[in-house]
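Note that the sequence shown ends on residue 827 in my numbering; no numbers are left out.
Glycine included, each C-beta is placed from N, C-alpha and C at the ideal position.
The next block holds one structure in the form of structure tokens; read it before the comments.
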Amino acid sequence: MKVFLKYVLKSMTEKKGRFLLLLIAISISTALLVASTGMMDIILDTLAGPQLESYENKEILITSTDKSQPFYSDKGLKLQGIQKDSIIKELYVNGMMPDKTGTDDEAMLNITVIGREQKYITGYKLIEGSLSGFFHNSCIISERTAAKHNLKTGDTLELVIAGKTEQFQITAISAPSGVFYNDKKDSFSVMLPYEYLSKDFNATGKYNLILALSSGKTVQDGIDQFNKGNSSFTADKLFDEAAVKEQFAGMESILYVMLIIVVVMSSIIIYSSFKLIITERLSAIGTFLSQGATAGKVKFILYMESLLYGICGAILGCLLGVVSLHIITRMISPLKDYGIYGAVTIEPGYLIKGCLFAVILSFLSVIIPVHRISRLQVKDVILNDVRILKTIGWKKFICGSFLLLLSLILFITLKSKLGGFSAVLLIASLTGVILAYPKLIDILSRGLYHLLKGKSRNLIYAINNLRTSKILLGNITLIIISLASIITISSLGSSMIRVVTQAYTQLDFDVELNNISTLRGNEKESTADYMVNKLKSMGISEKDINLINNQQGTIGNTTSANDINLNIIGTNIDTYTEYNRYLKLDSKDYSNNISDFKKDTNGIILTTALEKKLKNKVGDTIELTCNGIKKSVKISSIVDGRLFNNGYFILIKLDTLKKLYGINSANTITFRSDTAPREAVKALKPTLRKVGASAITRDEMCDNNVENNKMMVKALSIFSYMAIIIAALGIVNNVSISFLQRKGEFAVLSSIGMENAGRTRILFFESIASVTWAMVITSVYSIFGLKLISGLSKSIGMPMSITLDYSSLPLIYAVSLIIVLFATLPILIRSRKLSVIQEIKYE
-15 MKVFLKYVLK
-5 SMTEKKGRFL
5 LLLIAISIST
15 ALLVASTGMM
25 DIILDTLAGP
35 QLESYENKEI
45 LITSTDKSQP
55 FYSDKGLKLQ
65 GIQKDSIIKE
75 LYVNGMMPDK
85 TGTDDEAMLN
95 ITVIGREQKY
105 ITGYKLIEGS
115 LSGFFHNSCI
125 ISERTAAKHN
135 LKTGDTLELV
145 IAGKTEQFQI
155 TAISAPSGVF
165 YNDKKDSFSV
175 MLPYEYLSKD
185 FNATGKYNLI
195 LALSSGKTVQ
205 DGIDQFNKGN
215 SSFTADKLFD
225 EAAVKEQFAG
235 MESILYVMLI
245 IVVVMSSIII
255 YSSFKLIITE
265 RLSAIGTFLS
275 QGATAGKVKF
285 ILYMESLLYG
295 ICGAILGCLL
305 GVVSLHIITR
315 MISPLKDYGI
325 YGAVTIEPGY
335 LIKGCLFAVI
345 LSFLSVIIPV
355 HRISRLQVKD
365 VILNDVRILK
375 TIGWKKFICG
385 SFLLLLSLIL
395 FITLKSKLGG
405 FSAVLLIASL
415 TGVILAYPKL
425 IDILSRGLYH
435 LLKGKSRNLI
445 YAINNLRTSK
455 ILLGNITLII
465 ISLASIITIS
475 SLGSSMIRVV
485 TQAYTQLDFD
495 VELNNISTLR
505 GNEKESTADY
515 MVNKLKSMGI
525 SEKDINLINN
535 QQGTIGNTTS
545 ANDINLNIIG
555 TNIDTYTEYN
565 RYLKLDSKDY
575 SNNISDFKKD
585 TNGIILTTAL
595 EKKLKNKVGD
605 TIELTCNGIK
615 KSVKISSIVD
625 GRLFNNGYFI
635 LIKLDTLKKL
645 YGINSANTIT
655 FRSDTAPREA
665 VKALKPTLRK
675 VGASAITRDE
685 MCDNNVENNK
695 MMVKALSIFS
705 YMAIIIAALG
715 IVNNVSISFL
725 QRKGEFAVLS
735 SIGMENAGRT
745 RILFFESIAS
755 VTWAMVITSV
765 YSIFGLKLIS
775 GLSKSIGMPM
785 SITLDYSSLP
795 LIYAVSLIIV
805 LFATLPILIR
815 SRKLSVIQEI
825 KYE
């Protein structure tokens, strides 16, 4: 056993380039698996950490069961199930602060205004000032905020709170911990005396945030005990892991799709590498067999080698996976700009799965080439005279054509009903292409051969080699898989940008005003009404003004234990129809139901995406939770939400929102203007500054959305080009095998006058032809494949038509060709060392 192990280790490290190639193939797949497995936990820890720190690491959120008012009294609250000394009570509201006033860069900063009594601030470390002056209109800010905005104790902050401008003197500066932990340059917290803030909102003795720690064995035990002992209050977990997991499920799915593609390509590389290993060691294998070793013993040696590659790849892959998780953590850490990163906890399970995966992948990928040793004759093996079959059969072509044709027929006949089955057709059709293309190239190359005969001997020879060599055809398989991913992501990106741009052109408005406060609703005039009157005074017609109230809510899901999170859009349906032409609410198909919606006092308009989740229909009643209040609402109409808010929204009348959920006014206003949008925003700046609202033009919103999509596509494109690089590593193997199998032929050609330059041209022409054939085949297939991906995207709630981005094809072809030509260079160098006498001595 030691002899075999020593031989295997020596053989592995003899060819250092191939050793690194196999390590890279296995380790990249393993790293992606480790990253995919641990990513969700890392995201939860990274996002939960800062949030929990800002809530002073409390576990339980306590709210009143009476949701009719934004603030509630703590009278009657029993501390059953919670630690008495852990409780914290506060008032918090959103505010704004003007920044760079009077300049072109003027902006409104988002401020979290917190009102606390001094007994809940004693744990804070004050860098400057003290709590002795913390009363009336004084405030505390963090050291980070003070440094970023050049503030110190004694300075005055001008804040807009619920539409009212007020001034506060900085009496103390705290270390950036607790409520100040998440402070950033453009959004930070300001702490005010509770007495001042509660009096300002007529809420003395009332709060809207009560936090505590559980006294039970687990957090849930404490929550259950509290809820059992309190009828007027309810306790919940402060951090909802399920909601975060749902939010990032798409990213996790993308990583697993990447993993599948890389695993397929890695398997091909490992397979071809062991074919190369066996080809190079034919003489040694023949010697083993001639000295009495059985084929089983030779297979055992090769399987041992594959397992050792798996173990080495597992170690490197797990290290790369851990590094990847650290990189992901640094990328998504909310406070990365301040050098604060989330802690990375590596569970043993990630590494165990990675190691098992690497070993199994390596072992399974070598079964076919190792098994073929049994077919070899000892004499031929010793003489290194193993003949290669140079004909391409019809069986695979027929099977592939059948799969492709079947996929096409099913797509045409069942197009609207395919749903998630589109993924099966996508895999089947791509498999069909890979099975069918070798014979197709064989047929087309025969025509090219006769067409070019007598014009370029090197080119003809290269075309003929590609037609007859299964190894070289294997290069095309790798390139097709790589190009399919690159073209898909490129087309997805261009389609997303096109859809976003088209959607914004169908939103009929010039400027959107947001962050409009809905508090102080008991005043004579709400902030929204004040803004509407201001717009009218600027000459903007009432019919050009659209009032919206955007809220977050949940719908009870009868088909699942988890509620569905969605956007609630309160509006006037007539002005909203004019504003949002993207939804086509004035379509004749919706007219009757829209009329019913106008009449229903508790009616809502549901989207088809939500209908699919809920399994409800028009006329049904569902439970809708908004502003902490759960009410029954009636589905008056169902419309196609398309990609607006990903289809996860409902429309509800502003009056219904006020009546059922106590939300008295709009928080967003859109309007059309005869003047240039930027000029309208400029004229509104003093008013916006006064009420603490912000404005953005439609073009700016579109540009921001397009830029976000471009960033996502760029991130995916990195993976795509990584795929072509992995393919290039596999091509090094395949070209090496092909060269070893044809050394005799090259030697004969050299003996009758072919120079090194001729051999170089042949190898280059083969690489160019491989990329060209792959590009043509993939481009043609992508027209159909992208239609299947469009159907798949629709089934997951993203009804987007993805079309082939023809403009990107030349660049993709050029980059792929350069990478493949570089992959051919090592073989060109080896070909110059070819010994004619050595190769044809047995001829």
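Rounded to whole angstroms, what is the Cα-Cα separation between residue i and residue j?
i: residue -5; j: residue 280; result: 19 angstroms
i: residue 609; j: residue 302; result: 44 angstroms
i: residue 643; j: residue 624; result: 27 angstroms
i: residue 505; j: residue 54; result: Confidence at residue 505 is low in this model, with a pLDDT of 48, below 50, so its placement is unreliable and the value that follows should be read with caution. Cα to Cα, the separation comes out at about 11 angstroms.
i: residue 765; j: residue 421; result: 11 angstroms
i: residue 538; j: residue 547; result: 6 angstroms
i: residue 619; j: residue 339; result: 52 angstroms
i: residue 284; j: residue 345; result: 17 angstroms
i: residue 350; j: residue -8; result: 15 angstroms
i: residue 774; j: residue 388; result: 18 angstroms
i: residue 40; j: residue 222; result: 11 angstroms
i: residue 744; j: residue 800; result: 19 angstroms
i: residue 771; j: residue 479; result: 12 angstroms
i: residue 640; j: residue 670; result: 33 angstroms
i: residue 81; j: residue 167; result: 14 angstroms
i: residue 95; j: residue 676; result: 10 angstroms
i: residue 810; j: residue 804; result: 11 angstroms
i: residue 526; j: residue 554; result: 18 angstroms
i: residue 511; j: residue 201; result: 47 angstroms
i: residue 22; j: residue 493; result: 44 angstroms
i: residue 679; j: residue 497; result: 4 angstroms
i: residue 113; j: residue 156; result: 4 angstroms
i: residue 204; j: residue 42; result: 13 angstroms
i: residue 604; j: residue 405; result: 29 angstroms
i: residue 377; j: residue 631; result: 49 angstroms
i: residue 759; j: residue 426; result: 16 angstroms
i: residue 476; j: residue 380; result: 31 angstroms
i: residue 324; j: residue 666; result: 37 angstroms
i: residue 535; j: residue 622; result: 19 angstroms
Looking at the secondary structure, which residues open and close the alpha helix (DSSP H) in which residue i lies?
i: residue 82; result: Note, residue 82: premise wrong, no alpha helix (DSSP H); beta strand (DSSP E) at 72 to 83.
i: residue 596; result: 592 to 598
i: residue 416; result: 406 to 436
i: residue 516; result: 511 to 521
i: residue 524; result: That residue, residue 524, is in no alpha helix (DSSP H); it is neither H nor E in DSSP.
i: residue 60; result: Run containing residue 60: none; DSSP gives neither H nor E here.
i: residue 169; result: No alpha helix (DSSP H) contains residue 169, which DSSP labels as neither H nor E.
i: residue 452; result: 441 to 452
When DSSP builds the beta bridges, which residues end up paired with residue i?
i: residue 607; result: 616
i: residue 175; result: 98, 124
i: residue 652; result: 532
i: residue 548; result: 539
i: residue 496; result: 654, 680
i: residue 47; result: 218
Can residue i be considered in contact with the ligand PLP, in the sense that its beta carbon sits closer than 6 angstroms to one or more heavy atoms?
i: residue 19; result: You won't find the ligand PLP in this model; it holds no ligand whatsoever.
What residue range is occupied by the uninterrupted beta strand (DSSP E) comprising residue i?
i: residue 660; result: Residue 660 -> no beta strand (DSSP E), and no H or E assigned at all.
i: residue 88; result: Here residue 88 belongs to no beta strand (DSSP E), and DSSP marks it neither H nor E.
i: residue 196; result: 193 to 196
i: residue 642; result: Looking at the DSSP string, residue 642 is not in any beta strand (DSSP E); the run it does join, the alpha helix (DSSP H), is 638 to 645.
Check whether the region 329 to 338 touches the region 11 to 18, counting contact only when three or more Cβ pairs, one atom from each stretch, lie closer than 8 angstroms. With a cut-off of 8 angstroms, the region 11 to 18 and the region 329 to 338 count as touching, because enough Cβ pairs lie within range.
Taking the runs of the beta strand (DSSP E) that are 3 residues or longer, which of them lie wholly in the region 247 to 282? Taken in chain order, the complete beta strand (DSSP E) segments of 3 or more residues contained in the region 247 to 282 number zero; there are none.
In chain order, each alpha helix (DSSP H) run of at least 4 residues that lies wholly inside the region 101 to 153: Secondary structure within the region 101 to 153: the alpha helix (DSSP H) runs of 4 or more consecutive residues, fully enclosed, are 127 to 132 (chain order).
Could you check whether the region 165 to 183 touches the region 105 to 123, counting it as contact only if at least three pairs of C-beta atoms, one from each stretch, sit closer than 8 angstroms? The answer is yes - the region 105 to 123 touches the region 165 to 183, with three or more Cβ pairs under 8 angstroms.
Contact between the region 786 to 803 and the region 469 to 481 (3+ Cβ pairs under 8 angstroms): The region 786 to 803, when compared against the region 469 to 481, does touch it at the 8 angstroms Cβ threshold.
Counting beta carbon pairs with one atom in the region 55 to 68 and one in the region 132 to 148, are three or more of them shorter than 8 angstroms? With contact defined as three or more Cβ pairs closer than 8 angstroms, the region 132 to 148 and the region 55 to 68 are not in contact.
Whole alpha helix (DSSP H) elements within the region 562 to 589, 4-residue minimum: Correct list: 575 to 583.
Flag this pair as touching only if the region 111 to 118 and the region 636 to 655 have three or more C-beta atom pairs under 8 angstroms; answer yes or no. Verdict: no, contact absent.
Would you call the region 246 to 256 in contact with the region 450 to 463, where contact means no fewer than 3 C-beta pairs closer than 8 angstroms? In the pairwise beta carbon analysis, the region 246 to 256 is classified as touching the region 450 to 463: at least three pairs are separated by under 8 angstroms.
Take every Cβ of the region 479 to 488, pair it with every Cβ of the region 674 to 690, and state whether three or more of those distances are shorter than 8 angstroms. Cβ pair count under 8 angstroms is three or more, so yes.
Examine the Cβ distances between the region 179 to 189 and the region 32 to 49 and report whether three or more of them are shorter than 8 angstroms. Not touching, per the Cβ criterion.
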